[in-house]
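Enquirer: Chains as they are written, first to last, in my numbering: chain U, 78 to 190; chain A, 948 to 1191.
From the three backbone atoms N, C-alpha and C, an ideal C-beta is built for every residue, glycine too.
Here it is, the structure, as structure tokens.
Written out as structure tokens, the structure reads:
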């Protein structure tokens, strides 16, 4: 499923990094600990988190993740968005919490395959 | 050049996890007994005991770095120090705005007490001080330096609340004045991504109990003790050595 397709399906906000909307999502990873994501998230995963600082983008780029999904109505820091544009990785947003939105993302990806 | 014994990471009874015995008078007594020349007063997200301890310590010939151990939004602990009282107060305001409005439960986390010279309780801090501030690591570093402070990521070798446990690397462009070890320090740390190869390491006790004060410390070499001389020592090769 493309990032843009998931965005439509779950009615997600797009904060920035629009050039990354055509990336392919291969799965999801929900974590707020960057060192955990660094160690265990694979290429193409959608990263669901409440962290909103620039180092999130650094990890996303390093691990070649498909997009970031911020939960609970969190707003990205300005320098996070700058990096999102630079790296071409979309930053999405939802008002739901990690549990709820992870469930929906999981179901969407399962239906698709 | 003189060599000064410094333990730059000490909590007081104002930190919920700080022992009830960690009053200003007992901290100064212990620091003096341990032969410390410089101490850092670093309560969680609070600076309210710094002025008193600085005053009391100076009578014993001990120099105090006044500051706090802040928790960034990444849950990375960092020490921030300021020379002047007005800057310290300005930084306290910066913290106050960014601290979540979560009440402390003293039975769970411990009491957060502000006391006077004679250990009388003046007030209790109501908001939970160990919460994460709504400030990122980089924002905190830039703020501290814009206020002419000293910025030190704390206990980077701890498996929680450290830059390495939370991020796993030292972010590009982060201008730390030093990095703090709590344990013996792992030489591998110097090879980690983002380390510039020259920022010095210090070691401190992170004391929450009286007997921990000075159990770990660093030697700082300089002509005499001042905020600026400490900063200069951090920025000059070979002036810091670890002990304890």
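In three-state terms, what does DSSP make of residue 192 of chain U?
Expert: In this structure chain U extends from 78 to 190, so residue 192 of chain U is not present and cannot be described.
Enquirer: Going by DSSP, which residues form a beta bridge with residue 1008 of chain A?
Expert: Looking at the DSSP output, residue 1008 of chain A bridges to nothing.
Enquirer: Taking 8 angstroms as the cut-off, does the segment 1116–1132 of chain A touch the segment 1140–1147 of chain A (at least 3 CB pairs, one atom from each stretch)?
Expert: yes
Enquirer: How about residue 131 of chain U: is its C-beta nearer than 8 angstroms to some C-beta of chain A?
Expert: yes
Enquirer: Could you pull the start and end residues of the alpha helix (DSSP H) that residue 131 of chain U belongs to?
Expert: Run containing residue 131 of chain U: 131–139, per the alpha helix (DSSP H) assignment.
Enquirer: Does any CB atom of chain A fall closer than 8 angstroms to the CB of residue 112 of chain U?
Expert: yes
Enquirer: At the level of alpha carbons, what is the spacing between residue 1170 of chain A and residue 964 of chain A?
Expert: 36 angstroms
Enquirer: Where does the unbroken alpha helix (DSSP H) through residue 1087 of chain A begin, and where does it stop?
Expert: Counting along the chain, the alpha helix (DSSP H) containing residue 1087 of chain A begins and ends at 1084–1093.
Enquirer: Ignoring anything shorter than 4 residues, give me the alpha helix (DSSP H) runs that lie fully in the segment 954–997 of chain A, in order along the chain.
Expert: 971–980
Enquirer: Quick check on residue 175 of chain U: does DSSP put it in helix, strand or coil?
Expert: helix
Enquirer: Indicate whether at least one CB of chain A lies closer than 8 angstroms to the CB of residue 135 of chain U.
Expert: yes
Enquirer: Could you check what DSSP says for residue 1142 of chain A in three-state terms: helix, strand or coil?
Expert: coil
Enquirer: To the nearest angstrom, how far is it from the Cα of residue 976 of chain A to the Cα of residue 1007 of chain A?
Expert: Pairing residue 976 of chain A with residue 1007 of chain A, the inter-Cα distance amounts to about 9 angstroms.
Enquirer: Looking at the structure shown, is residue 1022 of chain A part of a helix, part of a strand, or coil, going by DSSP?
Expert: coil
Enquirer: Where residue 1049 of chain A and residue 950 of chain A are concerned, what is the direct C-alpha to C-alpha distance, given to the nearest angstrom?
Expert: 43 angstroms
Enquirer: Taking residue 1071 of chain A as part of the beta strand (DSSP E), name the residues at either end of that continuous run.
Expert: 1068–1071
Enquirer: Using the rule of at least 16 other Cβ atoms within 10 Å of the residue's Cβ for burial, across every protein chain shown, is residue 1212 of chain A buried or exposed?
Expert: Coverage of chain A is limited to positions 948 through 1191, which leaves residue 1212 of chain A absent and any answer about it impossible.
Enquirer: Starting from the beta carbon of residue 154 of chain U, find every residue of chain A whose beta carbon is closer than 8 angstroms, and list them in chain order.
Expert: 1083, 1086
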